[in-house]
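Each residue of the sequence shown is one higher than the last, beginning at 256 in the numbering used here. What follows is one structure encoded as C-alpha cells, with my remarks underneath.
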Amino acid sequence: MCRPRRPARAEVVGSLLRPQGLQAAVETRSDPVHLGALADVAIKRVVERQIELGLDVVTDGEFRRWMFLNSFYDAVRGVATDRSEVEFRNDRGETVVLTVPSVEGRLERVDSPAAREAEFMAGITDHPFKVTFPAASIFVHPFGVSPDAYASHDDFVEDAIAIERDLIGEAIEAGCDYVQLDFPLYPYLVDPDWSARFEAAGHRVSDLLDKAIAADKAILDGLPAGVTKALHVCRGNYRSRWICAGSLEPVAERLFGELAYDAFLVEWDDVGRDGGYAPVRFLPSDRIAVMGLVSSKRPELESEDEILRRLEDASRFLSVDRLGLSTQCGFASVIAGNEIDEETQWRKLELVARVADRVWPR
256 MCRPRRPARA
266 EVVGSLLRPQ
276 GLQAAVETRS
286 DPVHLGALAD
296 VAIKRVVERQ
306 IELGLDVVTD
316 GEFRRWMFLN
326 SFYDAVRGVA
336 TDRSEVEFRN
346 DRGETVVLTV
356 PSVEGRLERV
366 DSPAAREAEF
376 MAGITDHPFK
386 VTFPAASIFV
396 HPFGVSPDAY
406 ASHDDFVEDA
416 IAIERDLIGE
426 AIEAGCDYVQ
436 LDFPLYPYLV
446 DPDWSARFEA
456 AGHRVSDLLD
466 KAIAADKAIL
476 DGLPAGVTKA
486 LHVCRGNYRS
496 RWICAGSLEP
506 VAERLFGELA
516 YDAFLVEWDD
526 VGRDGGYAPV
536 RFLPSDRIAV
546 MGLVSSKRPE
556 LESEDEILRR
566 LEDASRFLSV
576 DRLGLSTQCG
586 FASVIAGNEI
596 DEETQWRKLE
606 LVARVADRVW
616 PR
C-alpha cells in the first residue's frame, strides 16, 4: 500500500543490486528478448519493495544498464569500452581498476534508452520515480577523449551536452518528472591526487571549475517547469570503493550557490574522507540538501540514533526543513555491485525511510 506522499525526504540514489537470475543472464549474454523480460519482472518487484519501505522517490534499480553511465553512452556511437581505465580504492588501501567509456570517434546519436526506462516506469507505477544521467560536468574531465575524435575538448563537451539534453527531454516526454544528474567533476577538483594530476597535465583546476559550472548550468537549459532536477555529488562507486576524497569546501560556494538544481544529493557517509557538513551553508533558500549518510559501500547497518545525530550536526549549517536523507550512493553502479548483500541493502533503505518519517513526519 502506498503511504501518503510528501516532498522528497527519503531517497534512493539510483542503482540497486541485481537479482542473481538477472545478473547471471547478463553475464552469459542471454537473448535480449529474454533478458528484457527478466528485467521487467525484477523492476516491478523492486519498485513495489521501495514503495512498501516508504521511499518518496523510487528507481528501476538501473537494471537495464551495465553501468550507471549507460543512459548516455548506450545512446551514442563513437565510444570504446576497453581503452580507458580508472583506479578505485577502499578503507583498507586496496585498489582495483575498472575499464570505463572513452570517446574514440565523433559522437553520433543512435538510441534513447532512458526514454524506454521512463516509459516502462510510468506504466507500472504512479509513485514518483527518477531517471539518472551522467552529470554534464563529467564530460569536462580532461582525460578520456581522443584528439582524433574532436579538434578540441570544448567541442566534445558542447556536442555531448546537446545530445544529452535531447535524451533528457525524451525521458521527460516518456513520463519522467524527476531527473538526476550523477557524478559531476567537483569531487575530482578537491582531491589532492587528482588536482596534482590535472595540473601536471597542464590543466588549471580553476579553469576546470569554471567549465564544470558552465556545463552543469547548460544541461538544464530548456527543461520544462515542474520537473525536479537533482545533482548527485558522487565520489566514485565500484565494488565498495571510491575514486575521490576531500572536503567540498573549496568548490562549495560555486557548486551550491550557482547551480539551479532543486536538490543536491551529497555523499557524506565518511566525514573523515569527505570532510564536514559546513559546505551546505551555501545552498540558497529554495534548494534541498539530501544527505548521503547511510553507506551503500559498507555492510554494517548504521543505527537510527547515529543518523539522527548526523542530521542534527548538518542542521547547524542548514535548517532541517531543507535537508533530506539518502544512501551515499547506489548499491551497484556497475552490474557487479558493491560488497554487500541484498537483505542488507533493503535494511539500509528501510532505515532511510524510517529516519525520514521521524524527522519529517507525513
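Where is the CB? At the ideal position from N, CA and C, for every residue including glycine. Given the structure is predicted, the values throughout are model-derived calculations rather than measurements.
Check                                                                                                                                   : Outcome
Below-8 angstroms beta-carbon distance, A456 vs any chain D residue                                                                     : The structure shown contains no chain D, having only a single protein chain.
Whole-angstrom C-beta distance between A265 and G316, which should lie under 8 angstroms                                                : Going by Cβ atoms, the distance from G316 to A265 rounds to 16 angstroms, so no, they are not a contact pair.
Counterpart residues of I589 in DSSP-defined beta bridges                                                                               : Checking the sequence, you will find Val at residue 589 rather than Ile. BP columns for V589 point to M322.
Among V482, W449, L556, the one whose alpha carbon lies nearest that of I207                                                            : Residue 207 cannot be examined here, being either before or after the span of the chain that is shown, 256 to 617.
Contact set for E454: own chain, Cβ-Cβ below 7 angstroms, skip 5 residues either direction                                              : V460
Short Cβ contact (8 angstroms threshold) for A515 with L486                                                                             : no
Beta-carbon contacts of Q600 that lie in its chain and below 7 angstroms, excluding the five residues immediately before and after      : L271, L272, F586
Nearest-angstrom beta carbon gap, I562 and V610 [assumed within contact, 8 angstroms]                                                   : 5 angstroms
Closest by C-alpha distance to S570, when choosing among P402, Y532, E598                                                               : Y532
Same chain, Cβ closer than 7 angstroms to A369, neighbours up to 5 away in sequence not counted                                         : S326, V386, F388, L422, A426
Beta-carbon separation (whole angstroms), L503 vs Y441, contact threshold 8 angstroms                                                   : 7 angstroms
Contacts around K484, its chain only, beta-carbon distance under 7 angstroms, and the 5 residues preceding and following it disregarded : V434, L475, L478, Y516, D517
Proximity of D471 and A417 at Cβ, strictly below 8 angstroms                                                                            : no
Alpha-carbon to alpha-carbon, L578 and A294                                                                                             : 33 angstroms
Range covered by the beta strand (DSSP E) that runs through K484                                                                        : 483 to 488
Residues of its chain near A500, where Cβ-Cβ distance is below 6 angstroms and the 5 sequence neighbours each way are ignored           : D446, R528
Proximity below 8 angstroms, CB of N593 to CB of R494                                                                                   : yes
Buried or exposed by the 16-neighbour rule on C-beta atoms within 10 Å, applied to D410                                                 : exposed
C-beta contact flag for E522 and G547 at 8 angstroms                                                                                    : yes
Between the CA atoms of E597 and A279 - distance to the nearest angstrom                                                                : 15 angstroms
T283 (DSSP reduced to helix, strand or coil)                                                                                            : coil
Proximal residues to I543 (C-beta, below 6 angstroms), its chain only, five neighbours per side dropped                                 : A518, R577, G579
Span of the alpha helix (DSSP H) around Q600                                                                                            : 597 to 614
For R613 and E363, the rounded distance between their alpha carbons                                                                     : 48 angstroms
Neighbourhood of D432 by C-beta distance below 8 angstroms, restricted to the same chain and skipping five residues each side           : P383, G481, V482, T483
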